[in-house]
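Chains as they are written, first to last, in the UniProt record's numbering: chain A, 1 to 416; chain B, 1 to 416.
Everything on this sheet refers to the single structure shown next.
Number of protein chains: 2
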Amino acid sequence: MSGKGKIIVLGGDGFCGWPTSLRLSNEGYDVTIVDNLSRRKIDVELGCQSLTPIETIEHRLQAWKRITGKTIGYVNLDIAKDYHELEELISDLKPQTIIHFAEQRAAPYSMKSPRHKRYTVDNNVNGTHNVLCAIVESGLDIHLVHLGTMGVYGYGTAGMTIPEGYLNVRVNIDGQDREIEIPYPPHPGSIYHMTKTLDALLFYYYNKNDGVRITDLHQGVVWGTNTEETMMDPALINRFDYEGDYGTVLNRFLVQAAVGHPLTVYGTGGQTRAFIHIQDSVRCISLAVSHPPAKGERVKIFNQTTETHRVRELAQIVSRLTGAEIRYYINPRNESLENELVVRNDQFLALGLNPTTLNEGLLTEVYEVAERYKDRCNVEKIISDSRWRADIPLDRTGAAEPVAVHPTQAKAMEPA
Amino acid sequence: MSGKGKIIVLGGDGFCGWPTSLRLSNEGYDVTIVDNLSRRKIDVELGCQSLTPIETIEHRLQAWKRITGKTIGYVNLDIAKDYHELEELISDLKPQTIIHFAEQRAAPYSMKSPRHKRYTVDNNVNGTHNVLCAIVESGLDIHLVHLGTMGVYGYGTAGMTIPEGYLNVRVNIDGQDREIEIPYPPHPGSIYHMTKTLDALLFYYYNKNDGVRITDLHQGVVWGTNTEETMMDPALINRFDYEGDYGTVLNRFLVQAAVGHPLTVYGTGGQTRAFIHIQDSVRCISLAVSHPPAKGERVKIFNQTTETHRVRELAQIVSRLTGAEIRYYINPRNESLENELVVRNDQFLALGLNPTTLNEGLLTEVYEVAERYKDRCNVEKIISDSRWRADIPLDRTGAAEPVAVHPTQAKAMEPA
Ligand SMILES: NC(=O)c1ccc[n+]([C@@H]2O[C@H](COP(=O)([O-])OP(=O)(O)OC[C@H]3O[C@@H](n4cnc5c(N)ncnc54)[C@H](O)[C@@H]3O)[C@@H](O)[C@H]2O)c1
Ligand SMILES: NC(=O)c1ccc[n+]([C@@H]2O[C@H](COP(=O)([O-])OP(=O)(O)OC[C@H]3O[C@@H](n4cnc5c(N)ncnc54)[C@H](O)[C@@H]3O)[C@@H](O)[C@H]2O)c1
Chain A
1 MSGKGKIIVL
11 GGDGFCGWPT
21 SLRLSNEGYD
31 VTIVDNLSRR
41 KIDVELGCQS
51 LTPIETIEHR
61 LQAWKRITGK
71 TIGYVNLDIA
81 KDYHELEELI
91 SDLKPQTIIH
101 FAEQRAAPYS
111 MKSPRHKRYT
121 VDNNVNGTHN
131 VLCAIVESGL
141 DIHLVHLGTM
151 GVYGYGTAGM
161 TIPEGYLNVR
171 VNIDGQDREI
181 EIPYPPHPGS
191 IYHMTKTLDA
201 LLFYYYNKND
211 GVRITDLHQG
221 VVWGTNTEET
231 MMDPALINRF
241 DYEGDYGTVL
251 NRFLVQAAVG
261 HPLTVYGTGG
271 QTRAFIHIQD
281 SVRCISLAVS
291 HPPAKGERVK
301 IFNQTTETHR
311 VRELAQIVSR
321 LTGAEIRYYI
331 NPRNESLENE
341 LVVRNDQFLA
351 LGLNPTTLNE
361 GLLTEVYEVA
371 ERYKDRCNVE
381 KIISDSRWRA
391 DIPLDRTGAA
401 EPVAVHPTQA
411 KAMEPA
Chain B
1 MSGKGKIIVL
11 GGDGFCGWPT
21 SLRLSNEGYD
31 VTIVDNLSRR
41 KIDVELGCQS
51 LTPIETIEHR
61 LQAWKRITGK
71 TIGYVNLDIA
81 KDYHELEELI
91 SDLKPQTIIH
101 FAEQRAAPYS
111 MKSPRHKRYT
121 VDNNVNGTHN
131 VLCAIVESGL
141 DIHLVHLGTM
151 GVYGYGTAGM
161 TIPEGYLNVR
171 VNIDGQDREI
181 EIPYPPHPGS
191 IYHMTKTLDA
201 LLFYYYNKND
211 GVRITDLHQG
221 VVWGTNTEET
231 MMDPALINRF
241 DYEGDYGTVL
251 NRFLVQAAVG
261 HPLTVYGTGG
271 QTRAFIHIQD
281 SVRCISLAVS
291 HPPAKGERVK
301 IFNQTTETHR
311 VRELAQIVSR
321 LTGAEIRYYI
331 NPRNESLENE
341 LVVRNDQFLA
351 LGLNPTTLNE
361 GLLTEVYEVA
371 ERYKDRCNVE
381 KIISDSRWRA
391 DIPLDRTGAA
401 EPVAVHPTQA
411 KAMEPA
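Printed below as a string of structure tokens:
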């Protein structure tokens, strides 16, 4: 039993959830992980694995206990299916906070086939809804912290600085121009992103009707792999996704460089994305946990991101650092080829976040991890066979020059 | 085989779906009904039944064939669960249009318990998503017509005239005030209504990514029971819900009057609601079917409603007509006690809809149906035991004067 209160971490075996669980345990919270290990099973389905040799959850937790003397609990249940077990767990443990990472989180995976689309919708919507429903049922005043994505804004397609979740607009009411604040209109770019916009409506409703305290973290693309805690012992190592579905762009480039695969830039690489290092992600979540919204306050939304970059610029940085070749592939996504992105993150800065931005030292650290484990990489899995529409061709070779837009993508280029 | 094209009616055994199927068959469409009969099973669960003695779907369709010589097909499948059967049916039949009524549609039912909340979310979201996914998979250019609700607007809480789905707002972009059009910010008042706002995002996404042609009909409260076609034979009679969960306000009052139960007004009865008669509902759907959006057009949204009324005014009208007593119950819902509601419905008017508004003749017709079948009414089921929050008391007796607000509802009264 520890002094800081109880936290349930849903999805605590995953890439973000694992280092977060260790950090919070280290900070003195009494942590219980809930995870159905679906992500590990998807590795089996896809015929690949984390680049880093991750231990089973049981071994991970034994190592943590051995090294720090701290206990993290673990319950294997499916939050989208095992509602009664979830409700019981919450009523028994009476946590102050539940952190919710437990979703299918890869956009390309969500677009692979009807089965994958349907699994993503079913898993993410029912999972989030079950958590909210069980919190209300418990009668406890639990703070729910959810991991959302910057992708719900549609990457700033309207050309404005992205606010934190809410937008001030002027509307004409009875002939008078009045200013009102509305949830930022969602513009999801994949089935996965769409589920996050559905989550947002679930939060909006349960906050309004039942007064549930909710923080939704609109996170950028996470890069890096280790944190202070995961580096304490080899058995605590974090997962590292590099393949076409789950690998996120910067980490992927570093692995591609390590195994001698060309850097896979989609289209012109003009897409601007928001980024955050895993160490900052973990810090932000700890800050969100210790700064819950007041009772009766609306859903608190933070943009959890520290910088933005164009994909081709990242490729150039990695290429300079490692000598890797850059290749341009037909974009499997249905999106604007070039976009600007300016994002506010004032709230985390005000809470004391000191952003770790992209620097050679950290890039080299990730590259070294990639180098060390490159024999575990299945090069065939680097290119995803997911496409946003059946009529977008699958490109396995790439070109030396930026790829001209495919006819089916012309519409996607129009400003939304 | 008939001249006007093929239509699949999902939920075609229900209150709106049945008369719509008959009308479209009569108009010359080749209609196939898909329904898992969940609504009839919910009657079993709730221990009540349609006030009108409805026939089995098989007998209904035999009667239709006997009377008109026309065949309506029927397939029993669950659109939220039997994805492959749905996909096959669509690929085999190659319909031009799919009309989607197949959802759990009662707000009080959706609030009864965790099981009911979870069923409503699971059934409605997965059902709608499966239909969209199967349409894309079929590769066919199918027009999807969905029944939504006026409730997604949150009953005009911002005090403005409700537009048809989209809202013009001015935002500051790079220091300049610019006008943009956004989907009307949703403000759902129950789990059921929330699922309709989730549907809207599914439509938004599949329209944008896959170019699916979609019409979403934001329907008001439907009243009345018979249409030209359902009156052709007793075996074609439409269902008539009167109990606390599925009965909608005006129809409920008329049954209450017929059985000598006081009219059940919630709170002050100051809630303004949008209404449409079942005959107009059927006409509107036929108009929507014959006026699909163009290929590449965004989701077309109509407000399918013809008039608005305050609940207590409706009670007064029914009371004058029938002599029934009015009683005021504690509102089980979490909503504003009094609200204004002004709704645009220009698009249907432009397509030639000639609204049937509330008149004594039609009210009397419904009252006569209620009178005829009042022995089938289970008076114990008139008051719903659903409440929006566990702390709202259940009121089974009502008061002669408008009920003062319950403390837990104070917040709901603040303008949203
Ligand atoms: N990784 C990123 O770059 C990134 C960026 C933005 C947002 N996010 C969000 O952060 C969260 C965590 O992402 P991640 O990268 O750690 O993903 P991950 O797949 O590594 O982790 C998710 C974990 O949740 C578990 N899970 C999934 N569904 C479950 C269910 N129904 N019941 C129980 N457990 C379940 C999985 O087994 C997995 O361990 C996700 O919600 C994701 O959308 C991640
Ligand atoms: N009745 C109203 O006043 C009203 C008002 C506004 C909007 N609507 C909307 O119109 C639509 C039809 O309403 P209704 O009053 O006819 O409801 P209803 O319950 O009478 O009919 C719905 C039908 O769909 C079927 N169904 C439900 N889930 C299904 C599934 N998973 N697979 C197959 N069939 C399924 C049910 O068995 C039922 O026959 C609903 O979407 C509702 O939200 C109704």
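Virtual Cβ for every residue (Gly too), placed ideally from N, Cα, C.
Determine whether the beta carbon atoms of residue i and residue j lie at a separation below 8 Å.
i	j	result
valine 34 (chain A)	leucine 10 (chain A)	yes
alanine 200 (chain A)	asparagine 130 (chain A)	no
glycine 220 (chain B)	methionine 150 (chain B)	yes
tyrosine 367 (chain A)	leucine 314 (chain A)	no
histidine 143 (chain A)	arginine 213 (chain A)	yes
cysteine 16 (chain A)	serine 190 (chain A)	no
glutamate 297 (chain A)	leucine 358 (chain A)	no
glycine 73 (chain A)	glutamate 103 (chain A)	no
glutamate 179 (chain B)	arginine 170 (chain B)	yes
Within a Cβ cutoff of 6 Å, which residues of the same chain sit near residue i, ignoring the five residues on either side of it in sequence?
i	result
glycine 3 (chain A)	Gly28
phenylalanine 240 (chain B)	Ser50, Leu51, Thr52 and Thr225
asparagine 331 (chain B)	Tyr266 and Gly267
arginine 39 (chain A)	Gly14
proline 114 (chain A)	none
glutamate 181 (chain A)	Tyr166 and Asn168
glutamate 243 (chain A)	Cys48 and Lys381
Among residues of its own chain, excluding the 5 on either side of residue i, which ones have a beta-carbon nearer than 7 Å to its beta-carbon?
i	result
leucine 93 (chain A)	Lys6, Ile8 and Thr32
residue 418 (chain B)	Nothing about residue 418 (chain B) can be reported from this structure: the residues present for chain B run from 1 to 416 only.
threonine 197 (chain B)	Val152, Pro186 and Pro188
Just the Cα atoms here: how many angstroms apart are residue i and residue j?
i	j	result
methionine 413 (chain A)	leucine 337 (chain A)	Low local confidence applies: a pLDDT of 38 at methionine 413 (chain A) is under 50, so the model's placement there is unreliable, and no value is given.
aspartate 245 (chain B)	valine 289 (chain A)	39 Å
asparagine 26 (chain B)	isoleucine 99 (chain B)	16 Å
leucine 37 (chain B)	threonine 227 (chain A)	54 Å
asparagine 251 (chain A)	tryptophan 223 (chain A)	6 Å
serine 319 (chain B)	glutamine 256 (chain B)	10 Å
valine 403 (chain A)	tyrosine 328 (chain A)	6 Å
isoleucine 90 (chain B)	isoleucine 317 (chain B)	46 Å
aspartate 375 (chain B)	glycine 47 (chain B)	15 Å
leucine 24 (chain A)	arginine 283 (chain A)	10 Å
alanine 410 (chain B)	arginine 333 (chain B)	Residue placement at alanine 410 (chain B) cannot be trusted, given a pLDDT of 49 that sits under 50; the coordinates are not used to answer.
threonine 168 (chain B)	threonine 120 (chain B)	A small fix is needed here, since residue 168 (chain B) is asparagine in this sequence, not threonine. About 32 Å.
aspartate 122 (chain B)	glutamate 137 (chain B)	21 Å
tyrosine 184 (chain B)	tyrosine 166 (chain B)	5 Å
methionine 1 (chain A)	histidine 193 (chain A)	With a pLDDT of only 48 at methionine 1 (chain A), under the threshold of 50, the placement of this residue in the model should not be trusted; the figure read from the coordinates follows. Rounded to the nearest angstrom, the two C-alpha atoms are 38 Å apart.
proline 415 (chain A)	histidine 309 (chain A)	The pLDDT assigned to proline 415 (chain A) is 36, lower than 50, so where the model puts this residue is not dependable, and the model offers no usable value.
asparagine 76 (chain B)	aspartate 346 (chain A)	54 Å
Just curious, the beta strand (DSSP E) that residue i is in, first and last residue?
i	result
proline 183 (chain B)	176-183
tyrosine 266 (chain B)	263-266
glycine 285 (chain B)	In the sequence under discussion, the amino acid at residue 285 (chain B) is isoleucine, which differs from the glycine named in the question. No beta strand (DSSP E) contains isoleucine 285 (chain B), which is instead part of the alpha helix (DSSP H) from 278-290.
arginine 170 (chain A)	166-173
So residue i contacts chain B; which residues on that side make the cut at Cβ distance below 8 Å?
i	result
valine 34 (chain A)	None at all; the shortest Cβ gap to chain B is about 18 Å.
asparagine 207 (chain A)	In chain order: nothing, as chain B lies at least about 12 Å away.
serine 89 (chain A)	A small fix is needed here, since residue 89 (chain A) is leucine in this sequence, not serine. Chain B residues near leucine 89 (chain A): none, gap ~14 Å exceeds 8 Å.
So which residues of chain A does residue i contact, with C-beta pairs closer than 7 Å?
i	result
leucine 167 (chain B)	Val171
asparagine 123 (chain B)	By Cβ distance, chain A contributes nothing, its closest Cβ being about 11 Å from asparagine 123 (chain B), past 7 Å.
isoleucine 182 (chain B)	Pro185
proline 163 (chain B)	Here the premise fails: no neighbours, minimum Cβ distance about 10 Å.
asparagine 334 (chain B)	Asn209
Residues of chain A with CB under 9 Å from residue i, in chain order?
i	result
aspartate 82 (chain B)	Under the 9 Å cutoff, chain A gives no residues; its nearest Cβ is about 12 Å from aspartate 82 (chain B).
Please list, in chain order, the chain B residues whose beta carbon lies closer than 9 Å to that of residue i.
i	result
histidine 261 (chain A)	Here the premise fails: no neighbours, minimum Cβ distance about 29 Å.
What residue does the alpha helix (DSSP H) around residue i start on, and which one ends it?
i	result
glycine 361 (chain B)	360-372
valine 318 (chain A)	311-322
Run through chain B and tell me which residues come within less than 7 Å of residue i, C-beta to C-beta.
i	result
aspartate 210 (chain A)	Arg389
Which chain A residues sit within Cβ distance under 8 Å of residue i?
i	result
methionine 194 (chain B)	Leu201, Leu202 and Tyr205
residue 419 (chain B)	In the structure as shown, chain B starts at 1 and stops at 416, and residue 419 (chain B) therefore has no counterpart that could be examined.
Please return the same chain residues whose Cβ sits closer than 8 Å to the Cβ of residue i, not counting the five positions on each side in sequence.
i	result
phenylalanine 101 (chain B)	Val9, Leu10, Gly11, Gly12, Gly14, Cys16, Gly17, Thr20 and Leu147
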